[in-house]
Amino acid sequence: MAVGHSPMVRRTRLGAELRKLRRDKQQTIAQVAAIIGWQASELSRLENGKLRPDLSVVMDILDSLDVSGEQREQLISMARDANQRGWWKTMVGPMFERYRQIAEIESGAVEIRQLTLLYVPGLLQTEDYARNKLSHYPGFTDTGMLQTAINGRLTRQKLLDNEGTQYSVVMDEGVLHRRTCPPEILAEQYRHLIKIGSRSNIEIRILPFGTDLYERTALSSSFTLFRYSSPEDPQVAFVETNTVDLILSDTEDLVRTEALFREIWTHADDADSSSARLERAAELVERQSM
243 MAVGHSPMVR RTRLGAELRK LRRDKQQTIA QVAAIIGWQA SELSRLENGK
293 LRPDLSVVMD ILDSLDVSGE QREQLISMAR DANQRGWWKT MVGPMFERYR
343 QIAEIESGAV EIRQLTLLYV PGLLQTEDYA RNKLSHYPGF TDTGMLQTAI
393 NGRLTRQKLL DNEGTQYSVV MDEGVLHRRT CPPEILAEQY RHLIKIGSRS
443 NIEIRILPFG TDLYERTALS SSFTLFRYSS PEDPQVAFVE TNTVDLILSD
493 TEDLVRTEAL FREIWTHADD ADSSSARLER AAELVERQSM
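Residue numbers (my numbering): 243 to 532.
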């Protein structure tokens, strides 16, 4: 199955290309904005990938910079990709801004590498586990909003049905011992992880308590690395916090984060050992629920 493009990543790349073209022509933002009848602040947001591009505006910018031929067609195509609105457009309102953002980043990824320290990652959650976790989020007390959030999380998981997307995740062992849900929900969740982890494009590893990795590194946040089919599309690191999510695309940040993930991956149990841990965890919570 073909993999598409991430609108967010395409916006970032388009903005960088337009900025480079403008600088190559020795034009300021104010000069180009005046030519196309735009505010300089809006053009700056477009160049920084913070604004969904209007195709006609992009064409006006290309006209002002005398861009033609194949290069022009490539940039127009990129603008169309950057302006795509996927299934997440139905998640309306400020409460869902973070959900729309991660869905846009995930879209089109061919490789996802993730470390999660506290909970089962959203891409692998069962519906009951997701409901239990999301019901405690501020703002999701309304039944309709809660169901929208759950549906969005389950829809995101369809990304993994595409064998062209490789998903490698490391979960801290504490995830298996932390009482985050009723035992019956946890048991179902752990067995779901065993089943889905048998897919050819998914590998789940557990980082055991006994590793000495924590002595040498500061693992303070869960994070995810995304790579896309086009080598020109920038890779992205997504760092989760309680209040805000950080998107890292600086080369130095990415190099450090990738090196950290490789070290975590080698210290984690392999897939078979991790599956055995999941089975033991499921049996333990089942006994506790009796």
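Think of the CB as a built atom: it goes at the ideal place given N, C-alpha and C, for glycine as much as any other residue.
Endpoints, alpha helix (DSSP H) assigned at residue i
i: Arg355; result: Element bounds for Arg355: not the alpha helix (DSSP H) but the beta strand (DSSP E), 351-358.
i: Leu260; result: 249-266
i: Asp323; result: 311-324
Among the options, the one whose alpha carbon lies nearest that of residue i
i: Leu366; options: Leu359, Ile446, Glu346, Asn404; result: Ile446
i: Phe468; options: Ala523, Asn325, Ile344, Arg264; result: Ile344
i: Leu388; options: Asn374, Arg398, Lys400; result: Asn374
i: Thr422; options: Gln356, Val300, Gly291, Leu376; result: Leu376
i: Ala401; options: Asp514, Ile277, Glu348, Leu360; result: It is worth fixing the name first, because residue 401 is Leu in this sequence and not Ala. If we check each option's Cα against that of Leu401, Glu348 comes out closest.
i: Leu461; options: Arg420, Glu505, Thr390; result: Glu505
i: Arg327; options: Thr493, His247, Gln273, Ile278; result: His247
i: Arg314; options: Thr493, Glu259, Gln269; result: Glu259
i: Ser319; options: Asp305, Val300, Tyr470; result: Val300
Contacting residues, own chain, Cβ-Cβ under 6 angstroms from residue i (five flanking each side not counted)
i: Gly364; result: Arg395
Terminal residues of the beta strand (DSSP E) in which residue i lies
i: Ala430; result: According to the sequence displayed, residue 430 carries Glu and not Ala. First-last for Glu430: 425-438, but that is the alpha helix (DSSP H), not the beta strand (DSSP E).
i: Glu445; result: 444-449
i: Thr466; result: 465-470
Three-state secondary structure assigned by DSSP to residue i
i: Asp475; result: coil
i: Thr405; result: The residue you asked about is not Thr; residue 405 is Glu in the sequence shown. Reduced to three states, the DSSP call for Glu405 is coil.
i: Tyr379; result: coil
i: Asp511; result: coil
i: Leu490; result: strand
i: Val362; result: coil
i: Met532; result: coil
i: Ser306; result: helix
i: Ser462; result: coil
i: Asp495; result: helix
i: Asp370; result: helix
Test item: CB-CB of residue i and residue j under 7 angstroms
i: Leu293; j: Leu263; result: no
i: Ile303; j: Ser286; result: no
i: Leu435; j: Ala523; result: no
i: Val497; j: Thr407; result: no
i: Arg253; j: Ala324; result: yes
i: Asp475; j: Val251; result: yes
i: Ala510; j: Val412; result: yes
Contact set for residue i: own chain, Cβ-Cβ below 7 angstroms, skip 5 residues either direction
i: Leu488; result: Val481
i: Asp370; result: Ile427, Glu430
i: Gly291; result: Arg253, Thr254, Gly257
Contacting residues, own chain, Cβ-Cβ under 8 angstroms from residue i (five flanking each side not counted)
i: Arg322; result: Leu297
i: Met532; result: none
Test: residue i CB closer than 7 angstroms to a CB of chain B
i: Asp302; result: Protein chain content of the structure displayed is limited to a single chain, and chain B is not contained in it.
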